[in-house]
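Trainee: One structure follows; several queries about it will come next.
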Amino acid sequence: MSPTSDNSVDTSVEETQSNAAKRRAKGEFVRGTSGFRSILGEDPDFPAEPGRYHLFVAYNCPWCHRVILARNLLGLQDSITLDVAFPSRTNEDDPAGPNFWEFNPARTASLTGASLPECTAETATGKGFRLVQEIYAAEGSDEGSVPVLYDKKTRRIVNNESAEIIRMLGQQAAALGSRLSGADRPQLYPQDSALRAEIDTLNTAIYGDINNGAYKAGFSSSQNVYAAAFNGYFAALETLEQRLATDGRPFLTGDHFTEADLRLFPTLFRHDPVYYVRMKLNGAKILDYPHLWRWLCRVYALPGVAESNSLVHCRQGYFGRSWNNVVPLGPLLPMRYPEAYEHPELAG
Ligand SMILES: N[C@@H](CCC(=O)N[C@@H](CS)C(=O)NCC(=O)O)C(=O)O
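Anchor point for the sequence shown: position 14 equals 402 in our numbering, and the numbering is continuous, going up by one each time.
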C-alpha cells in the first residue's frame with residue numbers, strides 16, 4: 389500500500405487518527421483503524437489455499453461490499469465461504485448490549501416484516517458465535533467491525549481491513565482456486581507502475597471524499613463538518629463525471645475494470661436509494677450525472693456484481709434502528725432500484 393501519511397496511516401485506506409478525540413467532541417465522525425493486518429499469501433501463517441478462508445460480512449456495510457465484489461468478480465465464490473450478519477445491529481435490550489453485529493437468520497426486518505433469506509448463522513469458528521465481537525474476543529481483541537477475513541484451519545482472524553483484503557484476493561486469486569482463467573479474471577491492481585500510481589491517486593480521493601466522505605456528511609453532528617463533506621462529495625463526483633466524459637472511457641482508468649472502480653461502486657450503488665436521504669447527500673442523484681450513471685449500470689452488469697449485495701439489507705441497515713424502524717420506500721421514479729441499474733438509457 390502506498391504510504392501517504394501523517395500519523396502513519398495510508399489515507400487511501402483509512403483516515404488520519406490525529407486529534408481524533410477532539411474532532412469527535414466537535415461533532416466530526418472519525419472512523420477508527422483496523423487492528424488485524426496479516427497478508428494472506430505473504431504471512432507464513434496464512435498461505436493461499438482453496439477452501440481454507442472465510443468472510444464475515446453484513447450486506448449493508450460498504451466496506452463488506454468491497455470484499456464480496458472482489459470475491460465474486462475474481463471467481464472465488466467456491467473457494468471462500470461467507471457468513472452474513474443481520475443488517476441492523478443489536479438493540480438496547482439485547483443481553484450483550486447495543487450496537488453489536490449479530491448472526492441471527494430468524495430475526496425480522498421491519499422493512500419486509502419477515503426474516504431475511506441471505507442472513508446466516510456463524511458457521512466458521514466451530515463455536516457458533518452469535519456476535520461478531522465474540523470472534524474478536526476469542527483472540528483477545530475488543531474490536532467488532534466487519535468485514536473479517538478468517539482462517540478456518542487455524543481458527544484465527546487474518547485481516548479486517550477491506551482495502552487490504554481486496555488487494556490480497558486479487559493477488560492470490562489463482563492460488564486460492566479461482567473458477568476463472570487468468571484471461572477471464574479482472575486484474576484489479578495490474579503490474580504497471582504508472583497505472584498503479586493512477587489507481588492509488590483515485591483510491592485516496594474516492595476513499596476520502598466519497599466512500600468515507602458520505603459518512604462524514606451523514607454521521608457528523610456539526611453543520612460545518614457536514615457542509616465541508618457535502619461539498620467535497622459532490623465536487624469529487626463532478627471530477628469523476630468529467631474523467632469519464634473526456635474520452636468516453638468505460639472505466640475510471642480506461643478500458644479495464646480495476647480496484648478503483650471496485651472501491652467506487654459500493655457508494656454509488658447506495659447513493660440514490662439510501663445516501664440521498666440517510667446521509668443528507670441530496671445535492672444531486674447519480675442519475676443527474678450521465679457518464680457516472682452509465683458507468684454504474686456497466687459495473688452492475690458485470691458477472692457476479694448484482695448478487696454481491698442487497699438494497700433490502702442496505703435500506704434496513706441504514707434506516708432500521710435510527711429512523712423509528714420506519715424505512716423510506718423510495719425512489720419510485722424513474723423506476724424502482726436496483727432495477728433502475730439495468731437501464732443505462734435513463735440518464736438521457
Ligand atoms: N477500515 C475498515 C472499516 C470497517 C468498518 O468501519 N465497518 C463498520 C460497518 S460499515 C463496522 O463494523 N463498524 C463497527 C465497529 O467498528 O464496531 C474496512 O474498510 O474494512
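Just so you know, even glycine gets a beta-carbon here, dropped at the ideal spot from N, CA and C.
Could you give the DSSP three-state label for T589: helix, strand or coil?
Mentor: T589 falls in the helix class under three-state DSSP.
Trainee: Measure the Cβ-Cβ separation of V401 and E510 and say whether it is below 8 Å.
Mentor: Taking 8 Å as the Cβ cut-off, V401 and E510 do not qualify as a contacting pair.
Trainee: Starting from T627, trace the alpha helix (DSSP H) both ways and give me its first and last residue.
Mentor: Q611 to D635 is the span of the alpha helix (DSSP H), which, as asked, contains T627.
Trainee: Please report the residue range of the beta strand (DSSP E) in which R544 lies.
Mentor: R544 to N547 is the span of the beta strand (DSSP E), which, as asked, contains R544.
Trainee: Please specify which runs of the alpha helix (DSSP H), each continuous and at least 4 residues long, are wholly inside the segment 442-481, giving them in chain order.
Mentor: 450-461, all fully within the segment 442-481.
Trainee: Measuring only the C-alpha atoms, how far is P391 from P722?
Mentor: Because the pLDDT at P391 is just 43, under 50, the model does not fix this residue reliably, and the point stays unresolved.
Trainee: Between the C-alpha atoms of A408 and H731, what's the straight-line distance to the nearest angstrom?
Mentor: Roughly 42 Å separates the two Cα atoms.
Trainee: Quick check on V536: does DSSP put it in helix, strand or coil?
Mentor: V536 falls in the strand class under three-state DSSP.
Trainee: Taking the continuous alpha helix (DSSP H) assigned at Y663, which residues delimit it?
Mentor: No alpha helix (DSSP H) holds Y663; DSSP gives it neither H nor E.
Trainee: Could you compute how far the alpha carbon of T421 sits from the alpha carbon of Q405?
Mentor: T421 and Q405: Cα-Cα distance of roughly 8 Å.
Trainee: In the DSSP output, what is E490 paired with across the bridge?
Mentor: BP columns for E490 point to L519.
Trainee: Any heavy atom of ligand 1 inside 7 Å of the beta-carbon of P722?
Mentor: Because no heavy atom of ligand 1 lies under 7 Å away, the Cβ of P722 does not count as near it: no.
Trainee: Anyone know if the C-beta pair for Q560 and A413 falls short of 8 Å?
Mentor: The answer is no: Cβ separation not under 8 Å.
Trainee: For A602, which residues in the same chain have their Cβ closer than 7 Å to its Cβ, ignoring the five residues on either side in sequence?
Mentor: Counting only Cβ-Cβ distances below 7 Å, and skipping sequence neighbours, we find Y621, T655, Y663, M667 and L669.
Trainee: Give the straight-line distance between the Cα atoms of H442 and S503, rounded to the nearest whole angstrom.
Mentor: For H442 and S503, the distance between alpha carbons rounds to 23 Å.
Trainee: In three-state DSSP terms, what is R425?
Mentor: R425 falls in the strand class under three-state DSSP.
Trainee: What residues in its chain sit with their C-beta under 7 Å from that of S610, if we drop five residues either side in the sequence?
Mentor: Result list for S610: K414, G415 and E416, in chain order.
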